[in-house]
Amino acid sequence: MNSVNGSGKIIAAALAVCILLICFSSCSSENTAPAKDTTYQTEDTSQKNDEQTAPETAAVPTESKSEETEENPIMKTLTMKIDGATVAVDWEENESVAALTELVKDKPLTIQTSMYGGFEQVGQIGTSLPRNDAQTTTQAGDIVLYSGNQIVVFYGTNSWAYTRLGHITDKTAAQMKDLLGNGNVTLELSVE
């Protein structure tokens, strides 16, 4: 019985040690839990700080856009004249327009165009621009890049693979036909 009692005491002591270890583990987990909560609070705080600085963060992309605008004010002021009359163009923001803008930033580019197909005026740019052709159905007023080296201004519709450059916004389809549908025209692209 003494050996049973001795074994029982050893087992009881081992159990007590295990229980204590579990308790200490739990206690140390509980002690780290607030630290984790604090960490989460810190993260939440940084997230709140990010949220609080969100306007500043939003300002960064705006500044970035502003930098783009500073780099591309040219894109914003790229102008087109058709036979000497300035037309309002909503230019695409793509590498083709950026390259076209760069091309004309120091000196206007004059392009002689020819009527083609009863729906467009086409003219050689004199150099190749980056292109990202996609199947497109054009409308009157659309300005596209064809084959990387020709600019096309539409007064009708067509479906082909083009790179979009912009759209003339201050003319109706009928006005575009009057402007472009009566013979060859001269385009002038410049930065003002």
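In this text, residue positions in the sequence shown follow the numbering used here: the first is 450, and each later residue adds one. A virtual CB, placed ideally from N, CA and C, is assigned to each residue, including glycine.
CA nearest to the CA of residue i, picked from the options
| i | options | result |
| --- | --- | --- |
| Asn598 | Val538, Leu552, Val640 | Leu552 |
| Met529 | Thr586, Ala623, Gln573, Val602 | Val602 |
| Ala547 | Gln573, Ile560, Gln570, Pro579 | Pro579 |
| Thr526 | Gly572, Trp540, His616, Thr576 | Trp540 |
| Met564 | Leu636, Gly630, Gly575, Glu637 | Gly630 |
| Ala583 | Val593, Ile531, Lys554 | Val593 |
| Leu614 | Ser545, Thr635, Ile531 | Ser545 |
| Ser596 | Ser577, Asn607, Ser608, Thr585 | Ser577 |
| Gly632 | Asn543, Lys554, Gly566 | Gly566 |
Whole-angstrom C-beta distance between residue j and residue i, which should lie under 8 Å
| i | j | result |
| --- | --- | --- |
| Ala537 | Ile617 | 7 Å |
| Met625 | Tyr604 | 4 Å |
| Gly575 | Thr562 | Not a contact, Cβ separation roughly 13 Å. |
| Tyr637 | Thr559 | The question names Tyr, but residue 637 in the sequence shown is Glu. So it is a contact: roughly 5 Å between Cβ atoms. |
| Asp532 | Thr606 | At roughly 22 Å, the Cβ-Cβ gap does not stay under 8 Å, so Asp532 and Thr606 are not in contact. |
Where residue i falls, given that 16 or more other Cβ within 10 Å makes a residue buried
| i | result |
| --- | --- |
| Glu569 | buried |
| Thr587 | buried |
| Asp591 | buried |
| Thr550 | buried |
| Ala589 | buried |
| Lys556 | exposed |
Minimum length 3: unbroken beta strand (DSSP E) runs contained in the region 535-590: 538-540, 558-565, 569-573, 583-586
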